[in-house]
Amino acid sequence: MRMTELESITLWDQGYRAWEIYVRNDAPVEYCGKRCEAGEIAGWEIQMVIAKREELPAYPHFDAVIMISDFSTVQYVWMNGERIEMKGDTK
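Structure representation (structure tokens):
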């Protein structure tokens with residue numbers, strides 16, 4: 515999916531914003547010499563996501579908001595419980 519400027523404006527008008535967020539580990543890993551199950555390690559990875567603020571807690575393995583960002587940096591759109599991967603930039 516490649517987002518046009520018009521699409522990004524439409525999403526903004528609907529209350530969607532670009533967020534830089536932390537997610538927890540999405541699979542079991544060895545971390546600091548200990549076996550950790552999926553979701554145990556906070557701040558595992560940073561992702562750039564377009565979503566409504568109130569919907570972020572339902573994002574897969576969501577941990578915390580780092581800051582609000584801009585649409586040109588996003589990797590995923592989180593809409594109606596579906597994660598859509600972005601291709602390219604928003605220009």
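Following this note's numbering, the numbering of the sequence shown begins with 515 at its first residue and continues without gaps. No residue lacks a Cβ here, since even glycine has one placed at the ideal position from N, Cα and C. Just so we're clear, the structure is a prediction, and the values are computed from it rather than from any experiment.
Report all residues from its chain with a CB closer than 7 Å to the CB of Met600; omit the five preceding and five following residues, and keep chain order. Met515, Met517, Val588, Gln589, Tyr590, Val591
Taking Cβ positions, are Trp533 and Ser586 nearer each other than 8 Å? no
Should Glu554 be counted as a contact of the ligand FMN given a C-beta to heavy atom distance under 7 Å? As presented, the structure is devoid of all ligands, the ligand FMN included, so that no description of it is given.
Less than 6 Å between C-beta atoms, sequence neighbours within five positions excluded: which residues of the same chain meet that for Tyr573? Trp592
Rounded to a whole number of angstroms, what is the C-alpha to C-alpha distance between Leu570 and Val543? 24 Å
Between Arg597, Val537, Lys566, which lies nearest to Trp526 when the distance is taken from Cα to Cα? Lys566
Between Arg531, Gln528, Ala556, Ile535, which has its C-alpha nearest Ala541's C-alpha? Ala556
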